[in-house]
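Data block below; observations after.
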Amino acid sequence: MLKKIPMRIIWRDKSHFLGIIFLVLFASFGYAIFSILITNIDTNYKNFVEKYNQENFHFTTFFPIDISSLEKKYNVLIEEKFTWDFEYGDRLIRFFNLTEKVNKPLILEGTLPKIGEIAVDPNFAKANKLRIGDGIEINGIKFRISGYVALPDYIYITKNETDLLPDPMHFGIGIMNFEDMRKFLESVAYRYYMVRGTISDLSSFKNEINSKYRLISFVEKDENFRIIVTEMKMKSAKPMAFVISGTILVISSILLFIVLRRLINSMHAEVGTLYALGYNSREIVGVYILFPIYIWLMGVIPGSIIGYALSGPFTDFYVSFISVPIVEKFIPTKDLLIAFFVPALFMIPSGYIAIKDLLKKRVVEIIRGESEKGFKTRFRMEFLDRFSFKRRVMLKQGLLHPSRELVLIIGVAFATLIILYGVVAKSALSYLVEDTFQNTYKYSYMYLLNYYEKENKYDAEPFNMLSFYLKGTKSKVVIYGILKDSQMILLKDGKGDKINLEGLVISQSLADKFGLKVGDVLNLVNNIDGKEYSLKVTGIADLYVGNNGYMSLEEFNETFGFDKGSFIGLYSFHKLDIPKEDLVTYMSKEDAIKAFKDSAQSVDQMLQVMYLISFFLAFTIIYVLASLVITENRKPLAIFKILGFRDGELSSMFLGFNNFSFIVGFLLGIPLYNMLISYIIKGVLKDVDFSFKLQAQFNDILFSFTYLFVAFLFSRYLGRRRINSISPVVILKEQSE
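This is how it looks when you write it as structure tokens:
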């Protein structure tokens, strides 16, 4: 008989318990799905890069190197890599030759390409409906697609290193035999070498390469955007899942504690009767401890099952951004057990704490409910007498039960943090691409030559550039020399005023990551020859793409020892006819904008999930607490109805304090969001060559407030309906019985 009590009460007061069950379900679901996702991607990624010899670094030179002698001298594997871009329509496939020692290709499906065959990456193939066995014509020659491929150095498949998002509809990678590639390589602008192994003295290695073969660029694995983005996602995703799930569990546990505490305090007579019938405290505890156990099981079982069932599609969606080959599926038993049992560590103790104090009292006290009476007597709150009757009732509802309001504040603050992050991230991405590429970068094309020029033979604007390390870190900084009155790069400060290009002007992203301000000195180490420079910051541009600095071309050449008028690249409004053998690379601004717009749908899907989480969290917490207030005040509400109070008035009197708690929670969420952003910029994005303008603007805050306020109003509407459903006749009849 006793064991039936919990389920009967849970069903009777389902408005209290269903919300908590759904929170537990969501916490378990979130941790399960993320742990399966991260375990599969992380394990497959580590196996992939190890088995297929991911590079430690790569470099480019103007002249071919002596591979065998350098391998023997430095005890590393070195392999040359060739690349060729095939454009057809608005699509581009970047082909590489088959490598045998470093960055070896993994065939996910099909076979390695033979002569007359190619393999392409699966995301590009899926987006363009290319299947194994299909034929594709490349410059008049027919090729057959032999399989789908993944490359260890091209995990994050972007056309340019400055692109933020992959665009599989318009850009993909592929491999072909060098014998086939020779047909399309008219000449080689530079030599590209990949190195697997560790060199203790990289400076001497770079100096040797530079002196013998003219080093053009040198990129370590930690600086390779197409590699580190994947590793950063792996590094940050699991802690984020733990924080979100853990916070929801804490909120759920506190809610359960409050609900059980109020429930048991309203059941003094029932508990006392059980004592009088001969049941001891251990048996009674055994009955009431079933509440948290049932809630835990009803939430965690479906949560874990749904998380496991949806982990496959969620993993497929996630790897559409990063080409990590899922060769083998893993079931992380440890993490699934954590997802299953950790909620119990929160639920059961909170339930036990809620009932243990009651059982210390004498049977007579329990039956009479003297503890509740004493509570109300001790807190008369005479200082509230100055207010109107309605206002006094409303204030007492909040002040007498601070734990309820604290839960609401924490829940709304957490929901605010989530939705603000989603709203601002979308605005930041739009600003980063659209504003930067339209208002700052005025050029349409950027060309990087493989040698320094003095004579400008093209209708274009010259620039120079060098790559550095920030001294004492591995963070890359690129300094550009541009024309003082440049029409291609318009640098403006945070107020929108044009910056006078005197000295060194740095991007806002660089300033944010290292706390730099005007007047500070930037200590840099040349990435090629190791020379050190100290440059004073004279301005900060409102620019979030690149850890960059800008100087006038004349001052740049003088500072770094170049001949007067030297330049390595060109900005242009129109496409230039520059021989491919003279180019290291070129970039179309239109392609970068197109890649962002094509990926916007996937970004929107992720943001919609964040919106749903925040709405669900705020609504559930507010509704559960409102239902609890209404249930424990059924008799006063019935009496007030008899006295002529309307439902709207009663809603304001008994639920009105939630208005203050909602506002406090929302306002608290804003500094919490700012703390999160500070961590992201200075921690997660510190070594990445871009940043985001993630400061919440007034419109972002207003939208977030409106969105959460809708959830608040909806929960209040349901609460008012419950008040409306209370019948004074039924309540008085219950009291008389």
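Under full-length UniProt numbering, the first residue of the sequence shown carries the number 1, and numbering increases by one thereafter.
Beta carbons are placed, not taken as given, at the ideal position from N, Cα and C, and that holds for glycine.
Because the structure is a prediction, the values reported are computed rather than measured.
* To do: Under the assumption that Phe414 contacts Leu617 (Cβ atoms under 8 Å), give the Cβ distance between them as a whole number of angstroms.
  => 7 Å
State the start and end residues of the unbroken alpha helix (DSSP H) segment that holds Pro579.
-> Run containing Pro579: none; DSSP gives neither H nor E here.
Below 8 Å between beta carbons: does that hold for Val120 and Ile138?
no
Next item on the list: Work out the CA separation of Ile663 and Phe703 for me, nearest whole Å.
Entry: 14 Å
Q) Would Tyr193 pass as a contact of Ile216 if the rule is Cβ separation under 8 Å? A) no
If Leu667 sits next to Phe560, beta carbons under 8 Å apart, how far is it from one beta carbon to the other, in whole angstroms? Not confirmed; about 50 Å, so no contact.
- [ ] Note the first and the last residue of the continuous beta strand (DSSP E) segment covering Met488.
- [x] It is not in any beta strand (DSSP E) - Met488 carries neither H nor E in the DSSP assignment.
* Asked: Do three or more CB pairs link the segment 527-541 to the segment 486-505 at distances below 8 Å?
  -> yes
Is the segment 167-179 touching the segment 40-54 in the sense that three or more CB pairs, one from each, lie closer than 8 Å?
no
*What distance in whole Å lies between the Cβ atoms of Ser28 and Gly307, which are believed to be in contact at a cut-off of 8 Å?*
7 Å
Legend entry - Ala141, DSSP secondary structure in three states: The sequence given here places Ile at residue 141; Ala does not occur at that position. Strand, per DSSP.
- Is the segment 580-592 in contact with the segment 467-479, if contact means three or more CB pairs nearer than 8 Å? no
- Run of the alpha helix (DSSP H) containing Asp180, from where it starts to where it stops: 178-181
* Asked: If we call anything under 8 Å between Cβ atoms a contact, is residue 739 one with Leu185?
  -> Coverage of the chain is limited to positions 1 through 737, which leaves residue 739 absent and any answer about it impossible.
Just to confirm the assignment: which complete alpha helix (DSSP H) runs, minimum length 4, are found wholly within the segment 81-133? Listed in chain order, they are 122-127.
Once DSSP output is grouped into helix, strand and coil, what is the label at Arg386?
helix
Could you check where the alpha helix (DSSP H) with Ile306 kicks off and where it finishes?
290-319
* C-alpha gap between Gln487 and Lys442, whole angstroms -> When rounded, the separation of the alpha-carbon atoms in Gln487 and Lys442 is 7 Å.
Helix, strand or coil: how does DSSP classify Trp170 here? Per the sequence shown, the amino acid found at residue 170 is His instead of Trp. Of the three classes helix, strand and coil, the one that applies to His170 here is coil, per DSSP.
Identify whether Pro332 lies in helix, strand or coil by the three-state DSSP scheme. Three-state DSSP puts Pro332 in coil, outside helix and strand.
When you compare only the Cα positions, how much space is there between Leu576 and Tyr458?
8 Å
Tell me whether His16 sits in a helix, a strand or coil according to DSSP, three-state version. helix
To the nearest angstrom, report how far apart Leu676 and Ser614 are at their CA atoms.
16 Å
Is Gln697 buried or exposed, if buried means 16 or more other CB atoms sit within 10 Å of its CB? exposed
Does the count of Cβ pairs from the segment 69-80 and the segment 163-175 closer than 8 Å reach three?
Taking 8 Å as the limit for Cβ pairs, the verdict is that the segment 163-175 does not touch the segment 69-80.
(message) Let me confirm a value: Asp485 is counted as buried when at least 16 other C-beta atoms fall within 10 Å, else exposed. Which label applies?
(response) Counting the other CB atoms within 10 Å of its CB gives Asp485 a total below 16, which places it among the exposed residues.
Mapping the DSSP letters down to three states, classify Tyr275 as helix, strand or coil. helix
**Prompt:** For Phe341, is the classification buried or exposed, using 16 other Cβ atoms within 10 angstroms of its Cβ as the cut-off for buried?
**Reply:** exposed
message: Between which residues of its own chain and Tyr421 is the CB-CB distance below 6 Å, once the five residues before and five after are set aside?
response: none
Examine the ligand ATP and report whether any of its heavy atoms sits within less than 7 Å of the Cβ of Ile20.
Ligands displayed in this structure: none; no statement on the ligand ATP is therefore possible.
For this session: Note the first and the last residue of the continuous beta strand (DSSP E) segment covering Arg191.
Result: 191-196
Practice prompt. Give the straight-line distance between the Cα atoms of Trp84 and Lys221, rounded to the nearest whole angstrom.
Written response: 22 Å
- Classify Met551 as buried or exposed, calling it buried when 16 or more other Cβ atoms lie within 10 Å of its own Cβ. buried
By Cβ distance below 8 Å, which residues in the same chain neighbour Asn611 in space, the five residues on each side in sequence not counted?
Note that residue 611 is Tyr in the sequence shown, not Asn. Once the five neighbours on either side are set aside, the close Cβ partners of Tyr611 are Ile419, Gly422, Tyr707.
Cβ-based burial, Glu55 [other Cβ within 10 Å; buried from 16]
Per the 10 Å Cβ criterion, buried.
* Through-space distance from Leu625 to Gly89, alpha-carbon basis -> Looking at the two C-alpha atoms, the distance is approximately 59 Å.
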